[in-house]
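Data first, discussion second: the structure below is written as structure tokens.
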Amino acid sequence: MRALREADLQQYNEFLFKYLEFEVQVKKGHTVESAGVTQFPNYRVIEKKQAVTLRCDPISGHASLYWYRRAVGKEIKFLVYFLRKDKQDDSGMPNERFSAERTEGTFSTLKVQHSELEDSGVYFCASSQDTVLQSHSLPV
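Numbering of the sequence shown is given in full-length UniProt numbering, commencing with residue 1 and proceeding in unit increments.
This is the structure we're talking about:
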């Protein structure tokens, strides 16, 4: 009976892999109107192998910007950290299909090329002020 279930599950997973669309969802999180961090698009569904670009506009004057991702059924993970326009830490970027930039130290883009089903998830952006005490802090 167990072998039958595993075979059915494998067949079902192959069906999902072939026919499901890739889903990217970007949420503003728990922000208030004055917080000012915005992300675009708020929600995006694409097909496998397509590219997607997400944009984050941080609070005006915030030097630090972070991208995070929560894959389906997993915990939230750090992706990349910028201080002004300089990338400080990209150790969380999954692979070469992912890239991020922050031009002129303002908005940031996160790009996924040739999307795969495992790229589905909720992508978060956060910004913070940079002070002398915080200049070398690690992302939370």
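Think of the CB as a built atom: it goes at the ideal place given N, C-alpha and C, for glycine as much as any other residue.
As the structure is a computational prediction, the values presented were derived from the model and not from experiment.
Assuming residue i and residue j form a contact by the criterion Cβ under 8 Å, report the distance between their Cβ atoms to the nearest whole angstrom.
i: S108; j: I59; result: Going by Cβ atoms, the distance from S108 to I59 rounds to 13 Å, so no, they are not a contact pair.
i: S120; j: V72; result: 5 Å
i: residue 201; j: K77; result: The question about residue 201 has no answer, for the chain in this structure spans 1 to 140.
Which same chain residues end up closer than 7 Å to residue i when comparing Cβ atoms and leaving out the 5 residues on each side of it in sequence?
i: K85; result: R102, T103, E104 and G105
Beta-carbon within less than 6 Å of residue i's beta-carbon, same chain only, minus the 5 sequence neighbours each way: which residues are those?
i: D130; result: A63 and S64
i: residue 146; result: The question about residue 146 has no answer here: the residues shown for the chain are numbered 1 through 140.
i: V111; result: Correcting the residue identity first, residue 111 is Lys in this sequence and not Val. Counting only Cβ-Cβ distances below 6 Å, and skipping sequence neighbours, we find T53 and S99.
i: D57; result: T38 and F107
Are the CB atoms of residue j and residue i within a distance shorter than 8 Å?
i: L79; j: G92; result: yes
i: E96; j: K48; result: no
i: R70; j: V122; result: yes
Inside the stretch 63-120 only - beta strand (DSSP E) runs reaching at least 3 residues: Complete beta strand (DSSP E) runs here, min 3: 64-71, 76-83, 86-89, 98-101 and 108-112.
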